[in-house]
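Residue numbers (the working numbering), protein chains in the order written: chain Z, 1 to 403; chain E, 1001 to 1403; chain R, 2001 to 2403; chain V, 3001 to 3403. Even for Gly, the Cβ is constructed at its ideal location relative to N, Cα and C. Reviewing the structure listed below.
Number of protein chains: 4
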Amino acid sequence: MDFSYDRRTLELRERLEEFMDRHVYPAEPVLAAQLADPARPRWEIPPVVADLRVEARKQGLWNLFLPGEHGAGLTNLQYAPLAEITGRSPHLAPPALNCAAPDTGNMELLAEFGTAEQRERWLEPLLDARIRSAFAMTEPEVASSDAANIATRIVRDGDEYVVDGRKWYISGAMNPDCRLLIVMGKTDPAAEPHRQQSMVLVPREAPGVTVRRGMTVFGYDDADHGGHAEVTFEDVRVPAGNLIGEEGAGFAIAQARLGPGRIHHCMRAIGIAERALELTCRRVLDRTAFGGPLADQGVIQDWIAESRVRIEQLRLLVLKTAWLMDTVGNRGAHTEIQAIKIATPRTVEWILDKAVQAHGAAGVSQDTPLAALWAFNRTIRIADGPDEVHKRSLARRELRRHR
Amino acid sequence: MDFSYDRRTLELRERLEEFMDRHVYPAEPVLAAQLADPARPRWEIPPVVADLRVEARKQGLWNLFLPGEHGAGLTNLQYAPLAEITGRSPHLAPPALNCAAPDTGNMELLAEFGTAEQRERWLEPLLDARIRSAFAMTEPEVASSDAANIATRIVRDGDEYVVDGRKWYISGAMNPDCRLLIVMGKTDPAAEPHRQQSMVLVPREAPGVTVRRGMTVFGYDDADHGGHAEVTFEDVRVPAGNLIGEEGAGFAIAQARLGPGRIHHCMRAIGIAERALELTCRRVLDRTAFGGPLADQGVIQDWIAESRVRIEQLRLLVLKTAWLMDTVGNRGAHTEIQAIKIATPRTVEWILDKAVQAHGAAGVSQDTPLAALWAFNRTIRIADGPDEVHKRSLARRELRRHR
Amino acid sequence: MDFSYDRRTLELRERLEEFMDRHVYPAEPVLAAQLADPARPRWEIPPVVADLRVEARKQGLWNLFLPGEHGAGLTNLQYAPLAEITGRSPHLAPPALNCAAPDTGNMELLAEFGTAEQRERWLEPLLDARIRSAFAMTEPEVASSDAANIATRIVRDGDEYVVDGRKWYISGAMNPDCRLLIVMGKTDPAAEPHRQQSMVLVPREAPGVTVRRGMTVFGYDDADHGGHAEVTFEDVRVPAGNLIGEEGAGFAIAQARLGPGRIHHCMRAIGIAERALELTCRRVLDRTAFGGPLADQGVIQDWIAESRVRIEQLRLLVLKTAWLMDTVGNRGAHTEIQAIKIATPRTVEWILDKAVQAHGAAGVSQDTPLAALWAFNRTIRIADGPDEVHKRSLARRELRRHR
Amino acid sequence: MDFSYDRRTLELRERLEEFMDRHVYPAEPVLAAQLADPARPRWEIPPVVADLRVEARKQGLWNLFLPGEHGAGLTNLQYAPLAEITGRSPHLAPPALNCAAPDTGNMELLAEFGTAEQRERWLEPLLDARIRSAFAMTEPEVASSDAANIATRIVRDGDEYVVDGRKWYISGAMNPDCRLLIVMGKTDPAAEPHRQQSMVLVPREAPGVTVRRGMTVFGYDDADHGGHAEVTFEDVRVPAGNLIGEEGAGFAIAQARLGPGRIHHCMRAIGIAERALELTCRRVLDRTAFGGPLADQGVIQDWIAESRVRIEQLRLLVLKTAWLMDTVGNRGAHTEIQAIKIATPRTVEWILDKAVQAHGAAGVSQDTPLAALWAFNRTIRIADGPDEVHKRSLARRELRRHR
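Below is the structure:
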């Protein structure tokens, strides 16, 4: 277990921190102003993001998330501390670096499972940030944590696949630049449970695709990163060549996509926690009540100490998981990936809750990033399998060792 | 300690439940549709509320919160179970019955401390719901939990008071029907800490009053009940007769206002918790994953049992507090009022969190009331004194018994 | 819901508090000295208990727990505040008043289900505290929370029942004065699950009964109240007339016995919590560190406030349950009895944990009652059905309302 | 950050695991039998420990804790996984390897700060396990977490120091083999707070030393490892050469002693947690209730998953701390040492609590190690500075970064 940062990581970290200081943090109030402008087309990505992208690319801070020839070629352990830094400004830094979900997962998926043709048509413009994409798995009508519940059908009809179904919380899909939907559905409901699903590439403009509305997350529409769409697919036809991998491989591909996605989320979430703790420390040093700074109050000191102790433990678990993924592969790191999926959002939620409390009314407002970060982080306890599903699975593996 | 519901309470409860079933619950989707209509003037109260008011008044379900001659004359113990019922649909039922904060607290204040003239000008239209009002205490620049921090100045100048300051989270003040701001500020910064503050009535249209923006609560602007305004007061002049009570009495009046306000919040919050638990039960009976209804999963049963056990304890504490307020007065019930202020929001938060989790993506969305209720409830841990201030005060009283 | 204390309760409470002050609290160091005496026969009840019994009886503070003609005839609501007071010195006050488990439950059982002959032989000396008794249900080999698991056999053989099995944690049975074991076993393993069990009265001196050892509870042997015995029954023969009720009624009788037993435990546990909080307050006012009394530290104030808020809620739930048992019967109060069984031990555990922490090393030692109370209270989360079983049952009932 | 185990660690780990399997685990029931023997002199170390020592020494598993020439010369990172393994049987393995507190800390102290003469007289027999020692810091009369409170006086009188004071919870000192007490007291109450204390070596047989009684820990007297003594020092005279270091250095030496002591505790505690989790898994696979093994119940699976996730995070933090101590020294690892002191006992407590609950009555009994481990682990939240003191200190350091 060697978590040391190598030379390349240290060099990139320095460059990234400078980029944050010079470009990203100063852009935060610009983003807020652009979002508050009532004249802005609601679902377009605010222009400040495009400006940052130009700058990031110039600095060589681009596609850092993507291993292999298509991206920066970093290992998980190299990427981890960089992702954490971007998490400190999660609305701006990840998209600025072309390292934001769901495009990251979709690019990984295309890079790993896409045909040459699929990669040329979709992966290249995504790598260039010329288009955006979405991943359509969750459905409103069923408990989507169980893949066997998926109701969307993908039926082969000659040279085409026909897609019918209803999806929601399709993040990014409200953004008019989102051109591609990767859709999960059932091609063979009679197969064994994990061979029923397949994945197809559906252009957003395909007839039968209707983006119906933006779903909200604790009141936020997340318009700055493409919202979360409810989308219906009615007799949508795509060429057979739009299938990813083979029929019946949908579940396996989804699992493969989720491993790196989960760890990226967790890395960034640690950055969120560090930012929250920093804001809290500054706030309580600054504000005074009942005869002294809030920082002198024992209960607030308790929050700060707890936050630090929890962050340290969390970061180490994420680093170990990254190291394991690099050394034994995603499958070998399965337990650890579940562990960080369980541990991260709740730890960060606790820290954000205390940060909100320490900020008083400002903490729930639009004047600090805390409430929006809380809402975003809260969804991670549900998204991509609720905690309870992961804990059950992890427990069963633990029990198996003692049978 | 007798918490039995008397005949009048039972009769009102029956009438109110019928009103909920026939009018309020069916109005919930109507409210959602009206709020989602982009053509609607953003800060106006949706028309469905006015319709409900007409009906509620017809049913004699009006101003139930207000003791004494001006209102329904109920005791706290009589009002408690009724307020709980309104909490089941907290965006509609309390305003429908003219029992919603902050107007309730303001009406109590005017009824108790207002002059005949003040009552005639402001209390009567409020009792009729012809106008709305707001209470301006919290300030963005200071830790407002300590009244000694208040920076707004109220300076006597001849026959007038001159108000200068900045307030925020002035709930209801975005609503154009809000005509009155009750403003807390310092008249004598040199007096002893709790005699420095005074309260004046400021018409919203007074020159120098600027309603600057709506503050958000975890992404919600709460436009359906008048939002939460940031308001500046620059050289605002009101007649000396607009003072409430006497100079220096502001802190004491605020405290008097807060007791009933707190218990009303807590009563309604129990209704919120009951609603959340009911929605959870229905959901988990309905949804299936991994071979059975979610309701069969041990962890979910644990949440349900915990929710029930916590609600029961909470309701009893609120009822005892109501009974104490009725029998020994608000001052005698001080410890208990603090106890429910501490215990209620966090208990309800826990229950809402589990309800969200059991609902998956729907739980954070606009399609169930859970996320909005969570956000509202979360603010109660901050509003009107954060938990930490109340706990410190309660602990000191406990310690005093053993000195 | 009327929890007011009536005249009789108030009168008994006053008398009991005087008894505590004059006799019980001063006896605590006497008990400690008697227990520490290496010459004392290990399992005999320390003589100070007998002395207190004489005094309690003289004061009319005797058998307060027992409703009906055989006891004091109090309702649950009348007994609740008295039991709470005895909980403040739980090693001395309950036995002093002949109100200690397991004799209380056994006396209730004999009073309700015993024949005249059984009552004469066993109930009368128990009511007089001339003998002690034990209740033998839990078994070491099985998960005893599921009555279907009971392995002990009770087989009819002519005019006798033959008992074979192994029981443990038979509280009180190490005490040589314990003359009676009420044994639960299966008479008909082929019957439906809740009709398989029966109960018989087994004199401790019956051939084949072997009291093997005292089980410990976190290091305590609880020798002062008869310990917790492991007992084997090998071909033990008792007359057929020793059956309680009828064959197959064992489960139902056990359930009937447990309702009042649970609420008595909970009532006393609140007394434990109050005592712990009182000791904590005194300690933190007295001890100084880092420039001031511990009582000035925010975290400790937080514990104190939390303790008070939690105790208040808990007591109300127990009172409501007592009132329900009195008005609608134990069966009608089933949910509430489970609720207090769930809520009480964990709440009291939390309070005791903080009390221990506030006392430092003294908190875990024999010099304060805290550690022993913690250990005793911890067992209540397991005894008489672990929390998890009760929560599951309570959740199912809640869910049933929404089917 | 490289936590990899090197060749030496791997080789020692293998040897230690074999020693555990062949000698230690089989000795656990032997220890239990020897402790239960009423004929055994109460405070002598059970003979099975001596037998194990012989074997451990033969295997080269001796004094592994001690860096430098006097011991095995392992780094903290090398020792960490070994200490964890010994924690799996914490009553036997650490003393078997001569790696048990408080002797370890005392040997470190003598190795680092002792004169040649002190080392010859005391360190050598300790390294050989011919004698045992104790560390006398905590006092019953004051909050010992604040070193400024220490009341014991050490007064220079000619060629001697005169010691007067009362100490308690002097672990190991009930053991007749304990020959040495390292005593902390004040030599100069007028000096600045952290220069008032000194440390002297006091032979247990020195006139004026009275070992008064064994203190208990949740009912356990811990006789198997020398108990916890209350000791008084009345006009105890030792030669001036018995001073450790210089006058006024007591606080600094104590701090130096505590760093490694804390991490050793934490390493072993992780072994305790692993053992508890293993016992739980086996138990719930074995026991059946309500139609299936306990292992199938969702709540129990939740405990198992949580335990695993928490252990992983904890171990990484301890390893990082060990690595830091090795690379930047104990002072540079100060924050991390506090963090593990805060995080470890509570995490292990949670896991033990669930293990107890999963075991039912057996969990609180003498038939599983769980209750005794719980009690021991609980004291770590108090010993060597309560959590609250460490959190306050850690928070202040965190805040300092943002001033």
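At 9 Å on the CB atoms, spell out the chain R contacts of residue i, in chain order.
i, result
"E/K1320", "F2003, E2312 and L2316"
At 8 Å on the CB atoms, spell out the chain R contacts of residue i, in chain order.
i, result
"V/W3374", "F2218"
What residues from chain Z crowd round residue i, counting only those whose CB sits closer than 9 Å?
i, result
"R/D2302", "G298, V299 and D302"
"V/V3342", "The residue you asked about is not Val; residue 3342 of chain V is Ile in the sequence shown. Here the neighbours are A305, E306 and V309."
How would you list, in chain order, the residues of chain Z whose beta-carbon sits under 8 Å from the beta-carbon of residue i?
i, result
"V/R3396", "Q301"
Of the residues the options, which one's Cα is nearest the Cα of residue i?
i, options, result
"E/L1181", "E/P1386, E/S1145 and E/M1107", "E/M1107"
"R/S2365", "R/A2032, R/R2268 and R/E2014", "R/A2032"
"R/E2011", "R/R2308, R/Y2079, R/I2270 and R/H2334", "R/Y2079"
"E/M1001", "E/A1322, E/I1337 and E/R1401", "E/A1322"
"Z/D286", "Z/R381, Z/H359, Z/R119 and Z/E120", "Z/H359"
"E/I1263", "E/A1096, E/A1056 and E/P1081", "E/P1081"
"R/L2052", "R/Y2025, R/R2396, R/P2067 and R/L2035", "R/Y2025"
"V/E3246", "V/D3188, V/A3148 and V/P3207", "V/D3188"
"Z/F218", "E/E1028, E/H1334 and E/D1367", "E/D1367"
"Z/A289", "E/G1226, E/L1016, E/A1147 and E/I1131", "E/A1147"
"E/R1195", "E/R1040, E/C1178, E/G1158 and E/A1249", "E/A1249"
"E/N1330", "E/V1309, E/R1275 and E/A1252", "E/A1252"
"Z/G226", "Z/L109, Z/D159, Z/D387 and Z/A101", "Z/A101"
Taking residue i as the query, report the chain R residues whose CB atoms sit under 7 Å from its CB, ordered along the chain.
i, result
"E/R1346", "The premise fails here: E/R1346 is roughly 10 Å from chain R at the closest Cβ pair, so nothing lies under 7 Å."
So which residues on chain V does residue i lean against when the C-beta distance must stay under 9 Å?
i, result
"R/V2364", "Y3169, M3215, T3216, V3217, F3218, A3375, R3378, T3379 and I3382"
I want to verify the contact list: residues of chain E whose CB lies under 8 Å from the CB of residue i, in sequence order.
i, result
"R/L2082", "By Cβ distance, chain E contributes nothing, its closest Cβ being about 16 Å from R/L2082, past 8 Å."
Run down chain V in chain order and give the residues with a C-beta less than 7 Å from the C-beta of residue i.
i, result
"Z/L399", "C3281, L3285, A3295 and I3304"
Could you list which residues in chain C have their beta carbon closer than 7 Å to that of residue i, in chain order?
i, result
"V/R3403", "The displayed structure is made up of protein chains Z, E, R and V, and chain C is not among them."
Original post:
Do the segment 2191–2204 of chain R and the segment 2063–2076 of chain R touch if we need at least three Cβ pairs shorter than 8 Å?
Top reply: Not touching, per the Cβ criterion.
Original post:
Which of the residues in the segment 1281–1300 of chain E, read from start to end, lie with their CB under 7 Å from any CB of chain V?
Top reply: Answer in chain order: Q1297, G1298 and V1299.
**OP:** Assess, as a yes-or-no matter, whether the segment 1363–1375 of chain E is touched by the segment 1339–1355 of chain E under the definition of 3 or more beta carbon pairs within less than 8 Å.
**Re:** Of all C-beta pairs linking the segment 1339–1355 of chain E to the segment 1363–1375 of chain E, three or more are shorter than 8 Å, placing the two stretches in contact.
Original post:
Could you give the uninterrupted runs of the beta strand (DSSP E) lying entirely in the segment 2119–2205 of chain R, keeping only those of 3 residues or more?
Top reply: Runs found: 2132–2136, 2153–2157, 2160–2171, 2178–2186 and 2197–2203.
Original post:
Counting pairs of Cβ atoms below 8 Å between the segment 1299–1313 of chain E and the segment 3295–3314 of chain V, do you hit three or more?
Top reply: These segments touch.
**OP:** Check whether the segment 2221–2235 of chain R touches the segment 2161–2173 of chain R, taking contact to mean three or more Cβ pairs, one atom from each stretch, closer than 8 Å.
**Re:** Because the criterion of three Cβ pairs below 8 Å is met, the segment 2221–2235 of chain R and the segment 2161–2173 of chain R touch.
**OP:** Decide yes or no for the touch test of the segment 3250–3270 of chain V against the segment 3336–3351 of chain V: beta carbon pairs closer than 8 Å, at least 3 of them.
**Re:** Per the Cβ contact rule, the segment 3250–3270 of chain V is in contact with the segment 3336–3351 of chain V (3 or more Cβ pairs under 8 Å).
**OP:** Note down, in chain order, all residues in the segment 2247–2277 of chain R with a beta-carbon under 7 Å from any beta-carbon belonging to chain E.
**Re:** Answer set for the segment 2247–2277 of chain R: empty.
Original post:
Does the segment 1272–1283 of chain E come close enough to the segment 136–153 of chain Z to have 3 or more Cβ pairs within less than 8 Å?
Top reply: Touching, no.
**OP:** Decide if the segment 119–131 of chain Z is in contact with the segment 152–165 of chain Z; the criterion is three or more beta carbon pairs, one per stretch, under 8 Å apart.
**Re:** With a cut-off of 8 Å, the segment 152–165 of chain Z and the segment 119–131 of chain Z do not count as touching, because too few Cβ pairs lie within range.
Subject >> Uninterrupted alpha helix (DSSP H) stretches inside the segment 3011–3090 of chain V (no shorter than 4 residues) >> reply: For the segment 3011–3090 of chain V, whole alpha helix (DSSP H) runs of length 4 or above, ordered along the chain, are 3025–3036, 3047–3058 and 3076–3087.
**OP:** For the segment 3093–3117 of chain V, enumerate the residues whose C-beta is nearer than 8 Å to any C-beta of chain R, in chain order.
**Re:** Within the segment 3093–3117 of chain V, contact with chain R at the beta-carbon level (separation under 8 Å) is assigned to no residue.
Original post:
If you pair each beta-carbon of the segment 2113–2122 of chain R with each one of the segment 2093–2101 of chain R, do three or more pairs fall below 8 Å?
Top reply: They do not touch, by the three-pair rule.
**OP:** Would you check if the segment 2031–2048 of chain R and the segment 2056–2067 of chain R touch, i.e. whether three or more CB-CB distances between them fall below 8 Å?
**Re:** In this structure the segment 2056–2067 of chain R does not lie against the segment 2031–2048 of chain R, because fewer than three pairs of beta carbons, one per stretch, are closer than 8 Å.
Original post:
Considering only residues of the segment 2248–2298 of chain R, which uninterrupted alpha helix (DSSP H) runs meet the minimum length of 4 residues and lie entirely inside it, listed in chain order?
Top reply: Secondary structure within the segment 2248–2298 of chain R: the alpha helix (DSSP H) runs of 4 or more consecutive residues, fully enclosed, are 2250–2286 (chain order).
Subject >> Residues from the segment 3171–3203 of chain V in contact with chain R, defined by Cβ distance under 7 Å >> reply: So nothing in the stretch comes that close.
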